DNA sequence: TTGAAAGCGCTAACAG
DNA sequence: CTGTTAGCGCTTTCAA
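Residue numbers (our numbering), protein chains in the order written: chain D, 468 to 800; chain H, 468 to 800.
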């Protein structure tokens with residue numbers, strides 16, 4: 468910066484003023500041009516580290532996550548976050564802690580050491596979390612997770628609405644007996660989507676029937692088992708809502724083994740819109756998309772708001788933003 | 468740091484010495500303890516920004532990639548990189564440039580502004596690249612890609628060995644007529660795996676037969692088409708090497724339509740070990756794994772070496788490291 | 001309209 | 001063994 472000043476025949480202060488476009492300095496256009504010319508000639512770029520030391524703003528935000536890759540499609544979370552950060556001149560400092568709570572502490576510390584302006588704390592599937600205490604020390608937002616005591620702003624998928632939309636899609640097609648191949652884990656998605664199912668049924672004045680929901684492990688071909696049980700009922704369903712695309716995939720296998728066709732004999736709707744499954748099944752799977760990318764965007768946008776003006780937020784009750792899950796219509800319904 | 472010094476009754480310099488474990492300073496254990504005590508009591512943590520300004524080392528490395536999520540399983544690249552970085556006290560500064568060359572320039576600039584110690588330039592599938600010129604200005608390694616002029620060190624999967632291993636796996640099982648459902652894109656994986664196939668054949672004194680390789684688009688059910696053509700041959704193959712798991716998946720569909728069983732009628736081997744496909748097919752797919760995680764690790768390890776000692780490397784010819792692809796045996800062979 | 005000067009929090013000669 | 005001192009490259013107050 469000194470070199471630039473010398474070359475432009477001004478003081479280093481002046482250079483700082485024009486580079487940072489400090490309008491109160493009232494630098495005449497002519498001087499500004501001289502400075503910019505010198506900047507260009509010297510290929511000068513401000514040292515962000517020095518700037519950060521002085522100004523306490525690094526234009527960097529920390530992104531902490533438990534697992535980057537376990538549910539691959541969830542990377543869209545990271546992508547959404549990164550895109551918005553980038554668009555605002557921020558960069559993401561990434562740490563992937565594999566579920567180890569102490570690691571998370573340390574990760575936050577390391578980020579604070581590096582003076583990040585704020586932190587995104589993300590999980591790769593929707594669930595409650597208890598973030599380390601030191602997360603309080605700077606602006607933070609939870610992404611695809613929430614703290615049960617609502618001590619942080621957060622954004623999560625609207626599971627209830629998603630479940631409701633899925634089932635209403637089936638109802639609109641005339642189905643009145645709808646099976647639910649449910650997951651057996653105690654997670655928000657499970658509770659939420661079931662609640663949505665009930666809402667949809669209620670909206671159509673249909674009773675909720677316990678025998679039509681079968682809870683299985685979605686990872687282990689649970690959809691197969693659930694479908695078999697459902698179709699073995701005295702009065703089998705004409706449509707099955709699968710907790711996720713993976714279960715839908717094994718539901719497909721079951722129906723094929725039963726020589727039943729999709730969607731003519733049985734309609735299937737999934738959840739997740741998982742890349743390598745949904746579009747590649749035959750027939751292509753109608754499913755609900757998880758708004759990963761959008762949640763990533765929302766989280767960073769909100770965080771930047773917090774950073775700019777920490778008081779803009781009502782501290783009494785940090786917001787929990789519910790992001791809708793769009794319906795992806797293909798050919799299984 | 469001043470506060471700590473005051474509390475410990477020493478100078479700020481001394482604090483710096485003990486915090487940084489400068490052994491040449493020969494601070495007696497007793498003083499050290501006093502300092503550490505003060506550090507603990509005050510909850511002092513060094514400001515990495517200030518430290519970076521002074522020492523020109525930020526312990527941060529830039530990670531630039533074209534697409535984080537397009538091939539989801541490739542995120543393992545990022546994970547491997549992050550894990551090694553973390554283990555060495557480094558953090559990753561992430562930028563995802565969606566194929567826009569100018570963005571990459573800018574990304575590198577922004578990282579240099581932030582004084583990263585080095586840069587990893589990664590692609591999400593193996594291919595040649597021409598990195599922006601400014602990448603030369605600091606230690607850098609290419610990950611899952613290479614510059615045709617070999618101006619940077621790089622790590623890529625050993626496609627040739629992978630193809631060879633896949634085919635030899637089939638040969639060892641006694642197959643002598645092996646089809647190849649090849650991808651039709653002009654990418655290193657395509658050339659390399661074909662070369663590997665030829666090597667394997669040669670090793671068994673078998674002729675290479677053009678009619679046994681069918682090139683299709685792997686994304687659009689190309690495996691189905693290829694398999695149908697192959698099995699329609701007067702003398703059909705008893706085993707098919709599929710360019711990737713996605714093609715293998717549609718090859719499965721074709722064989723099912725032909726009422727042929729896997730592996731009894733036809734053996735199938737894939738490539739990629741793609742999470743949501745390989746293990747979930749029935750029978751589970753034998754395939755070659757892409758060493759994404761390992762390449763990520765290697766890249767950061769090597770980069771850290773470059774950072775510590777930029778001259779350790781022979782500058783005449785930057786290394787291109789070939790990472791072997793492990794065979795994942797399941798039940799389709 | 002511009003410049004001098006004081007730091008931001010730290011490292012590392014150098015001196016004692 | 002420990003302290004004094006001079007910056008790292010920048011922002012920003014204050015004065016001119």
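Note that beta-carbon positions come from the ideal geometry of N, C-alpha and C, so glycine has one too. Owing to the predicted nature of the structure, the values given are computational and were not obtained by experimental measurement.
What's the call for residue i, buried or exposed, on a 16-neighbour Cβ count within 10 Å?
i: residue 684 of chain D; result: exposed
i: residue 658 of chain D; result: exposed
i: residue 650 of chain H; result: buried
i: residue 799 of chain D; result: buried
i: residue 606 of chain H; result: buried
i: residue 582 of chain H; result: buried
i: residue 669 of chain D; result: exposed
i: residue 747 of chain H; result: buried
i: residue 480 of chain D; result: exposed
i: residue 496 of chain D; result: exposed
i: residue 672 of chain H; result: exposed
i: residue 620 of chain H; result: buried
i: residue 778 of chain D; result: exposed
i: residue 476 of chain D; result: exposed
i: residue 686 of chain D; result: exposed
i: residue 556 of chain H; result: exposed
i: residue 731 of chain H; result: exposed
May I have the straight-line CA-CA distance separating residue i from residue j, to the nearest angstrom?
i: residue 510 of chain H; j: residue 739 of chain H; result: 48 angstroms
i: residue 599 of chain H; j: residue 566 of chain H; result: 12 angstroms
i: residue 584 of chain H; j: residue 516 of chain H; result: 13 angstroms
i: residue 486 of chain H; j: residue 597 of chain D; result: 31 angstroms
i: residue 700 of chain H; j: residue 544 of chain H; result: 40 angstroms
i: residue 725 of chain H; j: residue 717 of chain H; result: 12 angstroms
i: residue 530 of chain H; j: residue 554 of chain D; result: 17 angstroms
i: residue 750 of chain H; j: residue 691 of chain D; result: 15 angstroms
i: residue 546 of chain D; j: residue 741 of chain D; result: 16 angstroms
i: residue 736 of chain H; j: residue 522 of chain H; result: 52 angstroms
i: residue 682 of chain D; j: residue 652 of chain D; result: 9 angstroms
i: residue 590 of chain H; j: residue 540 of chain H; result: 13 angstroms
i: residue 506 of chain H; j: residue 525 of chain H; result: 22 angstroms
i: residue 796 of chain H; j: residue 501 of chain H; result: 58 angstroms
i: residue 561 of chain H; j: residue 715 of chain D; result: 35 angstroms
i: residue 550 of chain H; j: residue 612 of chain H; result: 20 angstroms
i: residue 499 of chain D; j: residue 568 of chain H; result: 30 angstroms
i: residue 766 of chain H; j: residue 552 of chain H; result: 10 angstroms
i: residue 663 of chain D; j: residue 520 of chain D; result: 50 angstroms
i: residue 616 of chain D; j: residue 764 of chain D; result: 24 angstroms
i: residue 580 of chain D; j: residue 514 of chain H; result: 5 angstroms
i: residue 492 of chain D; j: residue 483 of chain D; result: 10 angstroms
i: residue 588 of chain D; j: residue 571 of chain D; result: 10 angstroms
i: residue 776 of chain D; j: residue 518 of chain H; result: 28 angstroms
i: residue 504 of chain D; j: residue 602 of chain H; result: 24 angstroms
i: residue 693 of chain D; j: residue 723 of chain D; result: 14 angstroms
i: residue 743 of chain H; j: residue 474 of chain D; result: 60 angstroms
Hey, would you say the C-beta of residue i is under 8 angstroms away from at least one heavy atom of the ligand PLP?
i: residue 565 of chain H; result: You won't find the ligand PLP in this model; it holds no ligand whatsoever.
- Item | Three or more C-beta pairs below 8 angstroms linking the stretch 620-635 of chain D and the stretch 673-690 of chain D | no
- Message: Extract the residue ranges of the beta strand (DSSP E) inside the stretch 693-735 of chain D, only unbroken runs of 3 or more that lie entirely within it.
- Response: 706-709
- Query: Unbroken alpha helix (DSSP H) runs of length 4 or more, entirely within the stretch 526-593 of chain D: which are they?
  - Reply: 542-554 and 568-580
- Task: Could you say if the stretch 704-715 of chain D and the stretch 635-652 of chain D meet the contact criterion of at least three C-beta pairs nearer than 8 angstroms?
- Result: yes
- Query: Got a sec: which bits of the stretch 512-524 of chain D sit with their beta carbon under 8 angstroms from any beta carbon on chain H, in order along the chain?
  - Reply: 512, 513, 514, 515, 516, 517, 519 and 520
- Message: Threshold first: 3 residues or longer. Then list the beta strand (DSSP E) segments lying entirely within the stretch 589-671 of chain D, N to C.
- Response: 607-613, 621-624 and 645-650
- Item | Meets three-Cβ-pair contact criterion under 8 angstroms: the stretch 787-796 of chain H and the stretch 758-769 of chain H | yes
- Query: At what residue ranges does the stretch 752-781 of chain D contain a whole run of the beta strand (DSSP E), taking only runs of 3 or more?
  - Reply: Listed in chain order, the complete beta strand (DSSP E) runs (minimum 3 residues) inside the stretch 752-781 of chain D are 753-756.
- At a Cβ cut of 8 angstroms, what residues of the stretch 723-756 of chain D count as close to chain H, listed as they run along the chain? 741, 742, 743, 744, 747 and 749
- Task: Write down every uninterrupted run of the alpha helix (DSSP H) in the stretch 488-532 of chain H whose length is 4 residues or greater and which is fully enclosed by it, in chain order.
- Result: 496-509 and 515-522
- Message: Give me the subset of the stretch 535-554 of chain D whose CB atoms are less than 8 angstroms from a CB atom of chain H, sorted by chain position.
- Response: 535, 536, 539, 540, 542, 543, 545, 546, 549, 550 and 553
- Task: Check each residue of the stretch 558-569 of chain D: if its Cβ is closer than 8 angstroms to any Cβ of chain H, include it; give the result in chain order.
- Result: The stretch 558-569 of chain D vs chain H, Cβ under 8 angstroms: 558, 559, 560, 561, 562 and 563.
- Using a Cβ-Cβ cut-off of less than 8 angstroms, list which residues of the stretch 576-593 of chain D approach chain H; keep chain order. 576, 577, 578, 579, 580, 581 and 582
- Any residues in the stretch 703-716 of chain D with a beta carbon nearer than 9 angstroms to a beta carbon of chain H? Which ones, in chain order? For the stretch 703-716 of chain D, which is checked against every Cβ of chain H, the residues closer than 9 angstroms are 712, 713 and 716.
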